[in-house]
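In terms of the working numbering, the sequence shown opens at residue 162 and continues consecutively.
Positions of the beta carbon are idealized from the N, C-alpha and C atoms, including for glycine.
Bear in mind the structure is a predicted one, so any value in this text is a computation, not a measurement.
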Amino acid sequence: RSAAGGCATASERAELDGLLGRGDTYNASDFTAAHAEFKTRHNAIFVALALWTQRGRCGDRDSAIGTETWSDLPAVFYLDGCDGGTTAALRAAGFETAQLHVANMFPDTIAALRLPPHELDPLLLVL
């Protein structure tokens with residue numbers, strides 16, 4: 162089955178399938194120092210947005226984290242690479258594993274995110 166689905170032309174499907182066939186090419190160690198700093202700032206903004214959204218649903222963050230049941234905690238859905246940079250930023254802000262839902266199409270990246278130090282719940286990783 163093609164990853165491009167039924168809305169793409171044959172050439173678009175072939176291009177996407179070719180790109181996906183190469184595997185996950187995201188490698189944070191390939192970034193320049195300036196781009197790494199950009200990614201750090203981007204994650205900080207994403208964490209601030211996730212906290213703001215959580216406060217809107219749960220009130221004060223300190224009362225929301227660690228005191229509610231798994232199903233009561235707001236989910237955070239995001240993309241992450243095998244380096245787990247966004248996961249690390251969310252965890253540093255106090256988000257629990259049960260809140261972290263990651264999308265990634267590459268089995269090797271999913272496997273890396275299941276291992277330490279990330280240890281994401283395999284049921285919350287979406288291919």
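Residue i - containing alpha helix (DSSP H), residue span
i, result
"Leu180", "171–182"
"Leu240", "Element bounds for Leu240: not the alpha helix (DSSP H) but the beta strand (DSSP E), 237–240."
"Ala253", "246–253"
Assigned secondary structure, residue i (DSSP; H/G/I helix, E/B strand, else coil)
i, result
"Leu281", "coil"
"Leu234", "coil"
"Leu276", "coil"
Rounded C-alpha distance that separates residue i from residue j
i, j, result
"Val208", "Cys243", "18 Å"
"Leu286", "Phe238", "10 Å"
"Asn188", "Lys200", "12 Å"
"Ala225", "Leu210", "Legend: pLDDT at Ala225 = 48, less than 50; position of this residue unreliable, value from coordinates given subsequently. For Ala225 and Leu210, the distance between alpha carbons rounds to 15 Å."
Where the beta strand (DSSP E) through residue i begins and ends
i, result
"Ala264", "261–264"
Nearest-angstrom beta carbon gap, residue j and residue i [assumed within contact, 8 Å]
i, j, result
"Leu177", "Ala169", "7 Å"
- Message: Whether or not the stretch 178–188 and the stretch 264–274 are in contact is what I'm after, with contact meaning three or more pairs of Cβ atoms, one per stretch, closer than 8 Å; do they touch?
- Response: Yes: the two stretches touch, three or more of their Cβ pairs being nearer than 8 Å.
- Task: Could you tell me whether the stretch 274–288 touches the stretch 243–259, using the rule of 3 or more Cβ pairs below 8 Å?
- Result: yes
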